[in-house]
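The number in the working numbering is simply the position in the first sequence, starting from 1, with 65 added.
We put the beta carbon where it would ideally sit given N, CA and C, even for glycine.
A short write-up of the structure that comes next.
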Amino acid sequence: MTFGKGHHLHLIDGSAFIFRAYHALPPLTRKSDGLPVGAVSGFSNMLFRYIENNNGADAATHVAVIFDYSGKTFRNEIYPQYKAHRPPAPEDLIPQFPLTREATRAFNVSCIEIEGFEADDIIATLSCQARDAGARVTIITSDKDMMQLVGGGVEMLDPMKNKRIDSEGVEEKFGVGPNRVVDVQALAGDSADNVPGAPGIGIKTAALLINEYGDLETLLSRASEIKQPKRRESLINNQELIRVSRDLVQLDCDMNLDFTLDSLEVQVPNVEDLVGFLAKMEFRTMLKRASDRFGIDAPNLPDAPAGGGGASIAQQAAVPDAKPFDLDAYEHVHTIGALERWIDAIYERGYVAVDTETTGLDAMQVDLVGISLCVEAGQACYIPIAHKAGDDDLFGGDSLVEGQLPMDLVIDTLRPMLQDPSIVKIGQNMKYDAKIFARYGVTVAPYDDTMLMSYALHAGIHNHGMDALSTRYLDHTPIPTKELLGSGKSMITFDKVELGKAIKYAAEDADVTLRLWQIFKPKLHVEQVTTVYETLERPLSPVLVQMERNGIKVDRDVLSRMSNTFAQKMAGLEAEIQELAGQPFNVGSPKQLGEILFDKMELPGGKKGKTGAYATGVDVLEDLASEGHELPARVMDWRQLSKLKSTYTDALQTFINPETGRVHTSYIQTGAVTGRMSSSDPNLQNIPIRTDEGRRIREAFVADAGKKLISLDYSQIELRILAHVAKIDSLKQAFRDGHDIHAMTASEMFGVPMEGMDPMIRRQAKAINFGVIYGISGFGLARNLRIPRKEAQGFIDRYFERFPGIKEYMDETVAFAKEHKYVQTLFGRKIHTPEIAAKGPQAGFAKRAAINAPIQGTAADIIRRAMIRMPAALADLPQDVTAKMLLQVHDELIFEVNDDACDMVIEIVKDVMENASEPAVKLDVPIEVDAGIGNNWAEAH
DNA sequence: GGGCTCACG
DNA sequence: GACGTACGTGAGCCCG
């Protein structure tokens, strides 16, 4: 709706508020770094109260805060002394000016300042425009200069006295109506602004004269008629000064503004912006108030915060009044009374940092050794449970060390707290601890994870391991694990660590975790990634716990048979290769192979890398093979088999859990900077599929008896996202119409019909489509398609010509990265790109990564959202149907389902996946999911 | 432990 | 004008 009748515009004089706040409040400073924030605080408070009270009959429909722009204005040109006697702003107020603008924006209120103009003129222009449009206007200020604007629906509101001023109010003050206020001011002058006026004439006299003569010009022309000599002389002798004064006080109603009144419509504050700002400023009371009002968790500001924006990392790390780490102060909990006291302390606060110590790294197999807790920086304990003496008693087992509570008692005592929805459990990589606890019958919930917080905050800046985070943010290096357990052959397990040392190490970890949490929690708001953390990171972790615990059944016999076959084939190839080489050598050694190829056989194309070794990668071997050389071709075959055998058919067998008969991968939620996960121990995200021989490995991944595996994967999700973010209408339409997207691209580019297209042309278009997602280069495309570089560049040029939006997207993304040092997904995930400023070859790298990250990252966010919603969606299934989510492979999810329920489950899962972006993001392209069913992964995919 | 190679999306 | 480039991962192997 266009601004006009029925609307009510509030214009807030920001500068006036700043000064008032500054003088009214004691000189507050931000606790962490001493930044003066008194005026910002007062200003923010005022704005907060304003917003809370903006209801009822006088409520604004449109609002703006207007600020003075520092520097000279046109009035200084008319009269150099204008406001010249004003002392400069106090030193501790100056840094607060930009912060008040930030505060205004944080409250989602329009914030206006224009170079060369005072706030008064902007207010005048806006109020005239609004009045002419037939709307109501309220100018919120105590500056009497603004009274000339009153009338015709315009009123003033003096916030000091909370008094509305209409035309009558103006007359009370100036003795004339609003339209003559300027005349009175011109005569009376204004000492505050150094406006001269006519000497000896004040407001009273001025009003009297104006009322008598009608207006200023008439008065001046008839000045000689004035009876009182003093007044007469003053007017006659100071005509010029009076006219200048009039020009100074006359507000400019005709400024050219580059925005419309419509754009000032009242907005609901964005909670994240607001809370982020208040947290950054460390305004505890307002933070609480905002949190209450918007029904969110108040971010915890640490008592001794680690510094805010602007400070260097080193300064941030050096917590000025932080408690030092005292490893001797940690408590050894070995009585039930002590344990209960800790639980009481936890309930007093509502949160606790938890860490588990175990006999190894595989959470599906290791034993729990002890638990550490921390409720406050420096206040941590360790509860040893299963530390062993290492004395190999008569029965072949080690005896438990003294000073430990029984396992069952500890678990049973802690369980209610660990499962209590009102107690936040805090961990570093809590997925691991949650998996351990799950095996002891405890479902830890809810929990925060400092590793995930760091990931939401710092992806692309640094890694998120505890030692690194502690060193960086707490300026404290924890005891290295190596120091405790040793390394290599003589490494011991944690249960053999001497109790005294174990207490220090374990409790320290909980202490570090709690302190990191105290720093990261408010920082999430400041960096505006709270939503990312709370909707994409925290809720995914328990889902992964379940998936990893589910595992997938792997048939050892299938793998072992394949291993044997591969071994035989490899032996045959090895003999053949050595025959061709004319000597025995280690085929698996790139170095030896290089020497055979390029020194002994003197084949062309030998290129040495930086280590001085010949390169023998596939592309090199392929080139040689295509020239008809037999040996490199055989080496390629051998390598393929070697890879399949060592990485898959052999290695996978060692990962079959003896208890479950299944393979339990571990997902690293922070594995890729883009928001993708990675999988390890074993990596189940790179099981072969591209060759027939490799693909058969998937036959070893099987469904349990009476069940099937189903696989659902997003179709072309990254290209769809590209079409959306780059706003390519033809691509979007092709997706809506369900066309073959690569054929359509080819058709656009080369002007050939989609029907009966040459597969070669389509292949090239497909390569370009993918290239675009990766930040295409002529070189890369040329290499991929094995065509001359010039030709590849020609393709790219034509592509950009046909789809100009793509080039625009790329340029805009790179520009954004350069400006902000990060890029974002559609869901707000930040991927930091510090390298973007680099010079040299890294610059190209960084550019392409910046282009790719929003696309890959958005796709990653979408599947995460689907995964997070999956447990609830599957919970609606009938009682007798079990459907378990087992694996994620970037755009694919694998489930294990009762074989008679596959269709039902597919329907549900598909629905969740296809609508996962909503309601947060509405894509302009449909998202489609393909499904497959089988007894094993090869069949299902 | 770094570099190379290669498996996946 | 030369250089060096597709994006994101994890793992096994060789070799110093």
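Measuring C-alpha to C-alpha distances from Gly-843 to each of Phe-766, Tyr-570 and Gly-909 identifies Gly-909 as the nearest.
DSSP places Pro-449 in the strand class (E or B) of the three-state scheme. When the Cα atoms are used, Arg-140 and Arg-85 turn out to be separated by approximately 24 Å. For Thr-94, the pairing in a beta bridge is given by DSSP as Pro-101. Secondary structure at Ala-948: strand, using DSSP grouped into helix, strand and coil. DSSP, reduced to helix, strand and coil, places Arg-201 within a strand of the structure shown. Annotated as proximal: Asp-248 and Asp-280, with beta-carbon spacing under 9 Å. No residue range can be given for Met-822, since it is assigned to no alpha helix (DSSP H) and is classified by DSSP as neither H nor E. For Thr-421, DSSP records a beta bridge to Ile-436. For Ala-632, the three-state secondary structure derived from DSSP is helix. In the DSSP assignment, Cys-318 falls outside any beta strand (DSSP E) and carries neither an H nor an E.
For Phe-139, the secondary structure class from DSSP, reduced to helix, strand or coil, is helix. Taking all protein chains in view, the Cβ of Met-635 is crowded by 16 or more other Cβ atoms within 10 Å, so the residue is classified as buried. Pro-919 has its alpha-carbon roughly 13 Å from the corresponding atom of Lys-886. Judged by pairs of C-beta atoms under 8 Å, the segment 477-491 touches the segment 506-525, as three or more such pairs exist.
Rounded to the nearest angstrom, the gap between the Cα atoms of Ile-488 and Thr-578 is 16 Å. The continuous alpha helix (DSSP H) containing Gly-909 extends over residues 906-940. Out of Gly-79, Leu-100 and Ala-184, the CA that lies nearest to the CA of Thr-169 is found in Gly-79.
Shown here for Lys-949: same chain residues with a beta carbon closer than 7 Å to its own, the five before and five after excluded, namely Asn-615, Phe-960 and Glu-961 in chain order. When secondary structure is reduced to three states using DSSP, Met-556 falls in the coil class, being assigned neither helix nor strand. DSSP, reduced to helix, strand and coil, places Ile-488 outside both helices and strands of the structure shown, so it counts as coil.
The continuous alpha helix (DSSP H) containing Asn-302 extends over residues 294-302.
If you look at Gly-759, you'll find it in the alpha helix (DSSP H) that goes 757-760. Ser-356 is positioned such that its CB atom lies closer than 9 Å to that of Val-340. Taking a C-beta distance under 9 Å as the contact criterion, Val-417 and Leu-438 qualify as a contact pair.
Partner residues in the beta bridge of Phe-960, as assigned by DSSP, are Ile-775 and Met-950. For Gly-997, no alpha helix (DSSP H) encloses it; the enclosing beta strand (DSSP E) starts and ends at 994-999. His-75: member of the beta strand (DSSP E) spanning 73-78, first to last residue. DSSP places Arg-785 in the uninterrupted alpha helix (DSSP H) bounded by 782-790. Taking all protein chains in view, the Cβ of His-88 is surrounded by fewer than 16 other Cβ atoms within 10 Å, so the residue is classified as exposed. Listed in chain order, the non-local C-beta contacts of Asp-231 below 6 Å within the same chain comprise Glu-220, local neighbours out to five positions each way being set aside. Listed in chain order, the non-local C-beta contacts of Ala-903 below 7 Å within the same chain comprise Ala-911, local neighbours out to five positions each way being set aside. Here Lys-708 is exposed, its C-beta having fewer than 16 other C-beta atoms within 10 Å. Taking Arg-229 as the centre and dropping the five residues before and after it, the same chain places the C-beta of Glu-220 and Leu-222 closer than 6 Å to its C-beta, in chain order. The C-alpha of Asp-463 lies about 53 Å from the C-alpha of Ala-914.
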